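If you're matching them up, the sequences are chains A and B in order. Per my numbering, the first sequence runs over residues 164 to 275. Per my numbering, the second sequence runs over residues 18 to 131. Note that CB positions come from ideal geometry on N, CA and C, so glycine has one too. No experiment lies behind these values; they were computed from the predicted model shown.
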Amino acid sequence: GQQLNQNPQSMFIQEGEDVSMNCTSSSIFNTWLWYKQDPGEGPVLLIALYKAGELTSNGRLTAQFGITRKDSFLNISASIPSDVGIYFCAGDSGGSQGNLIFGKGTKLSVKP
Amino acid sequence: NAGVMQNPRHLVRRRGQEARLRCSPMKGHSHVYWYRQLPEEGLKFMVYLQKENIIDESGMPKERFSAEFPKEGPSILRIQQVVRGDSAAYFCASSPRSYNSPLHFGNGTRLTVT
Chain A
164 GQQLNQNPQS MFIQEGEDVS MNCTSSSIFN TWLWYKQDPG EGPVLLIALY
214 KAGELTSNGR LTAQFGITRK DSFLNISASI PSDVGIYFCA GDSGGSQGNL
264 IFGKGTKLSV KP
Chain B
18 NAGVMQNPRH LVRRRGQEAR LRCSPMKGHS HVYWYRQLPE EGLKFMVYLQ
68 KENIIDESGM PKERFSAEFP KEGPSILRIQ QVVRGDSAAY FCASSPRSYN
118 SPLHFGNGTR LTVT
């Protein structure tokens, strides 16, 4: 079945640094979504991408839908302590709406 | 504007008991989705429902699991005769329409089977 490879699995960064993470797949996706999950809570939508090549920002976050439709990246600029959490990419499975494939997450830890 | 509400937040069941998880979608949302998350894993799709209809249950185990979204009231995910392997976080999400609508997730129900 379809799988999303998310990298890196975890990262430690200094406050103020920029962060980059990505998702790749051997299959084409028509939608890419980026979510953040804090401990004990549900995923919160950060950015939704619907067109190949699309570049979208949400505050300090920027995400792009790869031209090949097989990858996406998320950048966080000038990280702050509240950026700590697990970031998930998700893509539509090609099945019914809402049937998303999730990556395993990138765990972000920030050193104050 | 309340988000997706799930209850209970934590549920403990002994093996063989039944677990009922409830989800109230965001106001104005008529599409509900259930996902399961194991520790250190991403979310896995289980089922997609609209009011009184199951649209896609391709991710739901064929036995012991069922879901409904009645005309009135919350969506229910029901697990009969629970086993230890059912221990996980179960998340509900909702959307206002079926196309290009990002999913908004609740805070989940953490099921522990002892």
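Cβ-based contacts, 7 angstroms cut-off: residues of the segment 195-215 of chain A near chain B: Residues LEU196, GLU204, GLY205, PRO206, LEU208, ALA211, TYR213.
ARG30/B, DSSP secondary structure in three states: Under the three-state reduction of DSSP, ARG30/B is assigned to strand.
LEU28/B versus ARG37/B - alpha carbon distance: Rounded to the nearest angstrom, the two C-alpha atoms are 9 angstroms apart.
PRO171/A burial status per 10 Å Cβ neighbour count (16 or more: buried): The residue in question, PRO171/A, is exposed, as its Cβ has fewer than 16 Cβ neighbours within 10 Å.
Selected residue, minimal CA-CA separation from GLU58/B, among LYS274/A, LEU167/A, SER272/A, SER245/A: Out of LYS274/A, LEU167/A, SER272/A, SER245/A, LEU167/A has the C-alpha closest to the C-alpha of GLU58/B.
Where GLU58/B meets chain A, residues with beta-carbon distance less than 7 angstroms: Those are LYS267, listed as they occur along chain A.
Per DSSP, cross-strand counterpart(s) of HIS46/B: The bridge partners DSSP lists for HIS46/B come to none.
Three-state secondary structure (DSSP) of GLY123/B: DSSP places GLY123/B in the coil class of the three-state scheme, outside both helix and strand.
Beta strand (DSSP E) segment containing ARG95/B, residue limits: From DSSP, the beta strand (DSSP E) with ARG95/B extends over 92-96.
Where ILE72/B meets chain A, residues with beta-carbon distance less than 7 angstroms: Residues of chain A whose Cβ lies closer than 7 angstroms to the Cβ of ILE72/B are, in chain order, SER259.
Sub-8 angstroms separation of GLN54/B and ALA106/B beta-carbons: Their beta carbons are under 8 angstroms apart, which means GLN54/B touches ALA106/B by this criterion.
PHE236/A beta carbon less than 8 angstroms from that of ALA215/A: Not closer than 8 angstroms, so no.
Pair within 8 angstroms by beta-carbon distance, SER47/B and LYS68/B: SER47/B is a Cβ neighbour of LYS68/B, given a cutoff of 8 angstroms.
Cross-strand partners of TYR52/B (DSSP beta bridge): In DSSP, TYR52/B forms a bridge with PHE62/B, PHE108/B.
Pairwise C-alpha distance: THR219/A and LYS79/B: One Cα belongs to LYS79/B, the other to THR219/A, and the distance between them is close to 39 angstroms.
Reference ARG89/B; option with closest CA among ARG101/B, ARG26/B, PRO42/B: First, the residue type needs correcting, since residue 89/B is Glu and not Arg in the sequence shown. Taking each of ARG101/B, ARG26/B, PRO42/B in turn and checking the Cα distance to GLU89/B, the smallest one comes out for PRO42/B.
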